Amino acid sequence: MKKAIWFKSMLICMFSLALQTKGYAQSQSLSSPNNRLSILFETIKENQVSESGEQLTYSVIYNDQELVDRSALSLNFENQRPLGEDVKIVSAERTSLEQSYKLIAGKTNFVNEKCNVLTIQLQEDGSPSRKLTIEARAYNDAVAFRYMVPDQSDMKEFRLIGERAEFKISKDAITYAQILPRNSVHSYESEYVKLPLTAFSHVGSVVNDPKIGLPLLMEVPGVAWVAINEADLQNYSSMYLTTLSEGWSGHWLEAFLAPQIEDSSVCVTGSFPLTSPWRILQVGDDPGALIESNILTNLNDENVIEETSWIKPGKAAWNWWNGSIGAEGLRDFSTECMKYYVDFAAESGLEHLVIDAGWAARDDITKMNGRVDIPLVVEYGKQKNVGIWIWLHYRDAVKQLEEAFPIYEKWGVAGLKIDFIERDDQAGIDFYYRAAKKAVEHHLMLDFHGCTKPTGLSRTYPNILGYEAVIGMEVSRGGLRDNPDSHLMLPFTRMLQGFMDYTPGGFNNVTKEEFVPCSSKPMVMGTRAHHLAMYVVYESPIQMVSDHPNAYKNEPSFQFIKDVPATWDETKVLNGIPGEYITIARRKGDNWFLGSMTNWNPRELHCSLDFLSDGTYLAEIYMDTPGSGLYPRSNSIKRVMVNNKQQLELYLASGGGCAVKFRPVAPEE
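Note that my numbering has the sequence shown beginning at 260, numbered continuously upward.
Dropping the structure here:
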């Protein structure tokens, strides 16, 4: 099979060169720096490359194997024929890109970006002879492309009603998909389900004609792990996926753009020139490689903030999870209660406190309702070196953004948690950009909840430290949806998009049989070590410490939460299978932290410590005991000397985990 694909690739290259000598070049390919991944653009007529041009297509090859078959590309404008169905390539230019940039928060603090770039100029063969540009990039871990429609002499405004971006996966794949309501607003808070790709196109399937949220993770057996994704959504709407084929063997997908809520007949409106988001296929030999990728930040504009000292990632106390229970053990949404949480944050070394809903006047977020004096709590927090965040509802923020943000700066607020956005059409996406820009003007950090998934915007606006878009720990207050099976889907699916404010920290750990949903002293499924490991596994630069202060009192394992950072210098995925288990090691300075989690199946894992530098490390290990499956709050804590020649033997109970801090030991210690 590999020889056949190699021969096909050689024929394509030879044919492309032959066409170029004729001046046509209707076949243009681009390979990654390591030559393992390539994308090919062609103009096709009757399934053959056409010298005169026709339908624009692309295909993808990985390790000499077909990954994506010829898939059509076009843009569908209102009252016009699709742009891309009758085009020819008029020129192509290849360049390379190699640069480095810093990130304030995330899985790494320093990114080396290296890729090859192809820019193709196309033009319609007949009237009105519209022009189209395709820009493509090939990285070692992804290929990406986007449409660019330049100014057209006879076209000024546009109404985009759809985008024909096909993803004809070469054969049936195992998907890990988030299936969302087709005709309603939402906030990406649905389960990821494991299904063959053909299940989405088979007429008898319960998921026939779905709307699939991004990212979509797939295992294409014998070929690669792949995730379809997008980045840089400015002036556009979000992309979903739906089925393109029907029948027993259909395994093709197509883009589905979020329509405008106010006018569902159109998706994107504006003036030319038009630049679409990047359409991305992340590719790797194993699913962990996709987690390590920086492709989304690579494909966004660089940081626009010159002075960033006010942007401070960190962990945060939070009053909402336990119902604003005060020092006396009673529900108490008041100034004194918030000062109590500030004291807890300061004593625990937490950088922030998030004050949730209930402080603002009704329908006016520029005023307080008298329950909590925000400026007073802010001043109290400053004395304790604790920054104060406040909660906003989207419906108020979108109306009062201009007048409210300057007031919050005057109060000294550190950040804003904006909730219930629940839209990612063009106007919804525009809000994220407007809010980020206005927040920069007033030195405010942002955490979006009830929101779309992140798409790399935090590179451009590093004051964005959080997105929810996940079934988080909060749903444990209402049912069984937050559980170890779900926990082990998230790193391989939702977390491919970046920051994920799951809001960990539940210390009332119970078994599945003991679990009862409640808002007073809420329970969480999974062992204590499982929930400690989340602080390493789940990427969030504004990481919640969600339980009541008393839940952590006299608990030795709380020390790990005190010690673990909220942002990282380096990330390595050591092992993992979606929905089953994962082990991630992350570095901050000279210290390494390891988090390992399993679903309801207990398991033993053997992890090489070769990610450590030379020398001796003190490993502080928080691990399940043989009894943790029945008594989830129990875990062992031990300290041992280790080095990078050793392996760490991990025992994970049912719903279990392990969390480790590695500190280098000086020779004199």
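For glycine and all other residues, C-beta sits at the position ideal for the given N, C-alpha and C.
Just so we're clear, the structure is a prediction, and the values are computed from it rather than from any experiment.
If the five residues before and after T354 are omitted, its C-beta is found closer than 6 Å to the C-beta atoms of V376, all from its own chain and listed in chain order.
Inside the segment 428-492, DSSP marks whole beta strand (DSSP E) runs of 3 or more residues at positions 433-439, 451-455, 470-479, 483-490, from first to last along the chain. Collapsing the DSSP output to three states places R787 in a helix.
If you draw a straight line from the Cα of G848 to the Cα of F921, it is about 11 Å long.
Cα atoms of K390 and D706: separation of roughly 40 Å, rounded to the nearest angstrom. In this structure G725 does not touch I843 by the C-beta definition: roughly 19 Å separates them, more than the 8 Å allowed. A residue is called buried when at least 16 other Cβ atoms come within 10 angstroms of its Cβ; Q307 does not meet this threshold and is exposed. In terms of Cα proximity to I680, the closest of I520, A576, W618 is I520. When the alpha-carbon of I539 is set against those of F817, E394, D760, K430, the nearest one is in E394.
For E879, the uninterrupted beta strand (DSSP E) run begins and ends at 876-882, by DSSP. By the neighbour-count definition (other C-beta atoms within 10 Å, threshold 16), Q285 is a buried residue.
The three-state secondary structure of D602, taken from DSSP, is helix. Per the C-alpha coordinates, the member of G385, P926, G481 positioned closest to K347 is G385. Counting only runs that start and end inside the segment 512-594, the beta strand (DSSP E) elements of at least 3 residues fall at 527-530, 537-543, 573-577. Per DSSP, reduced to three states, the secondary structure at V796 is helical.
Put simply, the backbone Cα of Y600 is about 48 Å away from that of L356. Taking a C-beta distance under 9 Å as the contact criterion, M627 and L612 do not qualify as a contact pair. Close CB contacts of A436 within its chain, under the 7 Å cut and outside five residues either way in sequence, are with Y451, V452, L454, I471, L475 (chain order).
Here the segment 772-791 makes contact with the segment 904-922; the two share three or more CB pairs at distances below 8 Å. Counting every other CB atom within 10 Å of its CB across the protein chains shown gives T567 a total below 16, marking it as exposed. Here the alpha carbons of E313 and Y447 stand approximately 37 Å from one another. With respect to G709, M732 sits apart: the two C-beta atoms are not nearer than 9 Å. Counting every other CB atom within 10 Å of its CB across the protein chains shown gives H510 a total of 16 or more, marking it as buried. In the three-state reduction of the DSSP assignment, T719 falls in the helix class. Beta bridge pairing from DSSP links F852 with R845, K920. In the three-state reduction of the DSSP assignment, G421 falls in the strand class.
Note: Y406 is bridge-paired with I393 in the DSSP secondary-structure output. Along the segment 321-349, the beta strand (DSSP E) occurs as fully enclosed runs of 3 or more residues at 324-336, listed in sequence order. In this structure, the straight-line span from the alpha carbon of L716 to that of A695 is close to 9 Å.
Per the Cβ contact rule, the segment 588-597 is not in contact with the segment 741-752 (fewer than 3 Cβ pairs under 8 Å). In the DSSP assignment, N809 falls outside any beta strand (DSSP E) and within the unbroken alpha helix (DSSP H) covering 808-811.
When rounded, the separation of the alpha-carbon atoms in N442 and N850 is 47 Å. About 6 Å separates the Cβ atoms of A490 and N559, confirming a contact at the 8 Å cut-off. Residues of the same chain with a CB within less than 7 Å of the CB of D869, apart from the 5 flanking positions on each side, are N903 in chain order. Between L609 and V349, the CB-CB gap reaches or exceeds 9 Å. Contact between T857 and R845 does not hold, since their C-beta atoms are separated by about 19 Å, which reaches or exceeds 8 Å.
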